[in-house]
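Colleague: Below you will find the structure I want to go over with you.
2 protein chains.
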Amino acid sequence: MKTPKKIGLFGFGTVGKGFYENLKKYPHISAKIAKVCVKRLDLPRIGHELYFTDNPDELLLDPQLDIIIELIDDPEAAKTYIQKSLLAGKDVISANKKMIGESLQEVSYWHDSFENRFLYEAAVGGGIPIVHTVDGFLRDQEVTEIRGILNGSSNYILTQMQANNWSFEKALREAQLKGFAERNPTLDISGIDAGYKLSILAYHAFGEVPSMKSFEIESIEGVTKEDIKRAKAKRRKIKLVASLKKSNHEIVCSVKPEAVGANDELYSVDYENNAVSVETLISGRHVFAGKGAGSLPTGSAVLEDLKRLLDGYSYQVSKKVRTVA
Amino acid sequence: MKTPKKIGLFGFGTVGKGFYENLKKYPHISAKIAKVCVKRLDLPRIGHELYFTDNPDELLLDPQLDIIIELIDDPEAAKTYIQKSLLAGKDVISANKKMIGESLQEVSYWHDSFENRFLYEAAVGGGIPIVHTVDGFLRDQEVTEIRGILNGSSNYILTQMQANNWSFEKALREAQLKGFAERNPTLDISGIDAGYKLSILAYHAFGEVPSMKSFEIESIEGVTKEDIKRAKAKRRKIKLVASLKKSNHEIVCSVKPEAVGANDELYSVDYENNAVSVETLISGRHVFAGKGAGSLPTGSAVLEDLKRLLDGYSYQVSKKVRTVA
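Note that the protein sequences, when read in sequence, are chains R and A. Under our numbering, the letters of the first sequence match residues 1 to 325, in that order. Under our numbering, the letters of the second sequence match residues 1001 to 1325, in that order.
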């Protein structure tokens, strides 16, 4: 029995607790949480057996820690912690879609330059194992199109408005109470969060970082009761659809509300669920759906990354694998 | 550059050709087809650069071959070839759902006793990466239910009958022309083929082999124009649904036609597409959909197994991994 890897955990919110709860279930996983860095030490917490600190350097400067798991709100701080940890030779797991989506150029530089790994399955599609699937299996199938519902809270809001005639405000409050929406839900609702995730998938599908400036992005706030009535009359549902098309060497991306019919694979994807449909040249269309938000699903995605790290896994995109068409 | 692994290929039909076409696209894969065993040497064939034989022993007794890929119709012969190859210390890939589904007790014995690997991603869900996903990721999420469309040709037939008012006979002929249906389509139509696949998924989800005798299995031949009209009136589609539920230690399985509504994740799964929905305790419901039949999708699943073999992968079920609830 080799000595378990030591984990330094940043953040103990929704996802952090979910990861902690999941990890407890797998005593055979050879890794333990050695230190947890939180903003406020005075809050009452589960996990009394854990060592808590509010000083990031206690984790960043600790040569004993093998793996840093970053699950905090603040993207700037997250980026600093991740960079320092990678430079210190530690493997890093993150769920910070905003930081990763905004910094894909640096992320790809990190992937290309560091031996130690940087994984973030939880950053896209919550519990859906989509990042490493696009990075490996689907990339090899030659991706031509990606289309999906990539934001759990906006899908939850749209579902409640359409299925149960809730007001936008009530649905948003509920999404926040359930921990689907960020404290500041602007990114969820505006479509920008889905844009970050689409960029991350594009990077893993093609090894290229698309410029989000070129994305056509439309918020769900523009969706009126009138739109919903019109869609219902046609037996359609309005979904916030993120879409990517590759023609020749151009990648065209958009995130906008779309009325989808019953034969559309996104029609049955309601509430906090996410779905990603990937069209490939070789094996056709693949659809992956599951819980796109929530403590346990997202926490379990972090746990899956931990297991991959322990198995010696790293993203292929960093190996510049190319297939011959 | 290490010397490429030598493959002995049994069968050069729909799937075999698909595998051959796919493999050609990936020169960076360190494996080559050394010998192909076919029933009839006199047929005109693609792949002139390949060495063809009609003598199985030319492959089975060749110590030079590292990997045997079995893609033939005949389950009895397939089983013999696979057993001999495993005993000879070769890794084996198969797509033979009938043989595997009927022989899961032996298959689990093979998994437990042989160091060399036996993989069969192509045996379930065509191009959908479902076997190793259930075996690894989902098994760890604690599976409670599996539900899906697991037979491409019966789904193709039902779709044509409902969407385009085709007769059962016309749809079946077309499915055979397209290479979705077996030469003898009885297993596809009766639901038994889907039953085999459900058993395979159950084995990987729970490490137990359910007895197919206990399955409730119903053919699609009983589906009348009247049933279809009634379903349409309710905006439903009739699908051949394979279902598994685990309560306590009992596994209950069935395969039967079911009228599903638009909010069901199986509603939008038409023609030769398959879908598998897996409910787990930890991360909730996951849905995987894609092409369930056809030369390239199924051939690509065989290629994915080949890549896994070269990566040193083997099924977890053979390691008797258990999670603590």
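C-beta: ideal position from N, C-alpha, C; glycine also.
Under a CB-based cut-off of 8 Å, is S283 (chain R) close to chain A?
Modeller: Counting from one through the first sequence, the residue named residue 283 (chain R) turns up at place 283. It does: the Cβ of S283 (chain R) has a partner Cβ on chain A nearer than 8 Å.
Colleague: Determine which residues share a DSSP beta bridge with R285 (chain R) and list them.
Modeller: Within the first sequence, residue 285 (chain R) is the residue found at index 285, counting from 1. R:E279, per the DSSP bridge assignment.
Colleague: On the criterion of 16 or more Cβ atoms from any shown chain inside 10 Å, does P1071 (chain A) qualify as buried, or is it exposed?
Modeller: Against the second sequence, residue 1071 (chain A) aligns to sequence position 71. First, the amino acid is wrong: residue 1071 (chain A) is Leu here, not Pro. Burial call: buried.
Colleague: Roughly how many whole angstroms lie between the Cα atoms of I251 (chain R) and S1295 (chain A)?
Modeller: Counted from its first residue, the first sequence places residue 251 (chain R) at position 251. Counted from its first residue, the second sequence places residue 1295 (chain A) at position 295. Rounded to the nearest angstrom, the two C-alpha atoms are 29 Å apart.
Colleague: Residues in the stretch 288-311 of chain R with C-beta within 9 Å of chain A's C-beta atoms, listed in sequence order?
Modeller: The residues in question are F288, A289, G290, K291, G294, L296, P297, T298, G299, S300, A301, L303, E304, K307.
Colleague: What are the start and end residues of the beta strand (DSSP E) that includes K256 (chain R)?
Modeller: Along the first sequence, read from residue 1 onward, the residue named residue 256 (chain R) stands at position 256. From DSSP, the beta strand (DSSP E) with K256 (chain R) extends over 250-260.
Colleague: Is it the case that the stretch 266-281 of chain R contacts the stretch 139-148 of chain R, given that we only count it when at least three CB pairs across the two stretches are under 8 Å?
Modeller: Short answer: they touch.
Colleague: Short of 7 Å in beta carbon distance, which residues of its chain neighbour P1004 (chain A), apart from the five on each side in sequence? Order them along the chain.
Modeller: Locating residue 1004 (chain A) in the second sequence gives position 4, where the first residue counts as 1. Excluding sequence neighbours, P1004 (chain A) sits near S1030, A1031, K1032.
Colleague: Quick check on N1022 (chain A) - is its C-beta less than 8 Å from some C-beta in chain R?
Modeller: As a position in the second sequence, residue 1022 (chain A) is number 22, starting the count at 1. Yes, its Cβ sits closer than 8 Å to a Cβ of chain R.
Colleague: Please report how far the alpha carbon of L306 (chain R) lies from the alpha carbon of V107 (chain R), in whole angstroms.
Modeller: In the first sequence, counting from the first residue as 1, residue 306 (chain R) sits at position 306. In the first sequence, counting from the first residue as 1, residue 107 (chain R) sits at position 107. Cα to Cα, L306 (chain R) sits roughly 19 Å from V107 (chain R).
Colleague: I'd like the span of the alpha helix (DSSP H) that includes S1113 (chain A), first residue to last.
Modeller: Within the second sequence, residue 1113 (chain A) is the residue found at index 113, counting from 1. Its alpha helix (DSSP H) spans residues 1104-1113.
Colleague: Am I right that I1200 (chain A) and I1100 (chain A) are in contact with their C-beta atoms under 8 Å? What's the rounded C-beta distance?
Modeller: Taking the second sequence and counting its residues from 1, the one referred to as residue 1200 (chain A) is at position 200. Taking the second sequence and counting its residues from 1, the one referred to as residue 1100 (chain A) is at position 100. Between I1100 (chain A) and I1200 (chain A) the Cβ distance is about 6 Å, and since that is below 8 Å, they are a contact.
Colleague: My output table needs one value for R147 (chain R): the three-state DSSP class, helix, strand or coil.
Modeller: Here residue 147 (chain R) corresponds to residue number 147 of the first sequence, with the count starting at 1. Residue state, collapsed to three classes: strand.
Colleague: Buried or exposed for S113 (chain R), please, with buried defined as at least 16 other CB atoms from any protein chain shown within 10 angstroms of its CB.
Modeller: As a working mapping, residue 113 (chain R) is identified with position 113 in the first sequence. Exposed is the call here.
Colleague: If you count every other CB in all the chains shown that lies within 10 Å of the CB of Q1064 (chain A), and 16 or more means buried, which is it?
Modeller: The sequence position of residue 1064 (chain A) within the second sequence is 64, counting from 1. Exposed, since its Cβ has fewer than 16 Cβ neighbours within 10 Å.
Colleague: Are any of the Cβ atoms in chain A nearer than 8 Å to that of D62 (chain R)?
Modeller: Here the question's residue 62 (chain R) lines up with position 62 in the first sequence. Chain A, which has no Cβ nearer than 8 Å to the Cβ of D62 (chain R), makes this no.
Colleague: Does the contact criterion of 3 or more C-beta pairs under 8 Å hold for the stretch 1120-1127 of chain A versus the stretch 1283-1302 of chain A?
Modeller: As far as the Cβ criterion goes, the stretch 1120-1127 of chain A touches the stretch 1283-1302 of chain A, which means the pair count is three or higher.
Colleague: Sort R:I68, R:L244, R:K229, R:G179 by Cα distance to F206 (chain R) and report the nearest one.
Modeller: Locating residue 206 (chain R) in the first sequence gives position 206, where the first residue counts as 1. The shortest Cα separation from F206 (chain R) among R:I68, R:L244, R:K229, R:G179 belongs to R:L244.
Colleague: Any C-beta of chain R sitting closer than 8 Å to the C-beta of F1012 (chain A)?
Modeller: What you label residue 1012 (chain A) is simply residue 12 of the second sequence in a count that begins at 1. No, no contact with chain R.
Colleague: Strictly below 8 Å CB to CB, what residues from chain A border A344 (chain R)?
Modeller: Missing from the structure shown is residue 344 (chain R); chain R here goes from 1 to 325 and no further.
Colleague: I'd like to know if G1207 (chain A) contacts chain R, where contact means its C-beta is closer than 8 Å to some C-beta of that chain.
Modeller: Start at 1 with the first residue of the second sequence, and residue 1207 (chain A) comes out as number 207. It does not; no Cβ of chain R falls within 8 Å.
Colleague: Using three-state DSSP, classify V1321 (chain A) as helix, strand or coil.
Modeller: For the purposes of this step, residue 1321 (chain A) is taken as residue 321 along the second sequence, with counting starting at 1. Confidence is the limiting factor: at V1321 (chain A) the pLDDT is only 39, short of 50, which leaves the residue's position unreliable and the question unanswerable from this model.
Colleague: What residues from chain R crowd round F1137 (chain A), counting only those whose CB sits closer than 7 Å?
Modeller: Stepping through the second sequence from its first residue, residue 1137 (chain A) is reached at position 137. Chain R residues near F1137 (chain A): P129, E304.
Colleague: Three-state secondary structure (DSSP) at G1290 (chain A)?
Modeller: Indexing the second sequence from 1 puts residue 1290 (chain A) at position 290. Residue state, collapsed to three classes: strand.
Colleague: Flag Q141 (chain R) as yes if its beta-carbon sits less than 8 Å from any beta-carbon of chain A, otherwise no.
Modeller: In the first sequence, residue 141 (chain R) corresponds to position 141, counting from 1. Cβ-Cβ to chain A under 8 Å: yes for Q141 (chain R).
Colleague: Check whether the Cβ of H1286 (chain A) lies closer than 8 Å to any Cβ atom in chain R.
Modeller: Taking the first residue of the second sequence as position 1, residue 1286 (chain A) is located at position 286. Yes - at least one Cβ of chain R is within 8 Å of the one on H1286 (chain A).
Colleague: Provide the residue(s) that pair with V1241 (chain A) in DSSP beta bridges, ordered along the chain.
Modeller: Position 241 of the second sequence, counting from 1, holds the residue named residue 1241 (chain A). In DSSP, V1241 (chain A) forms a bridge with A:K1256.
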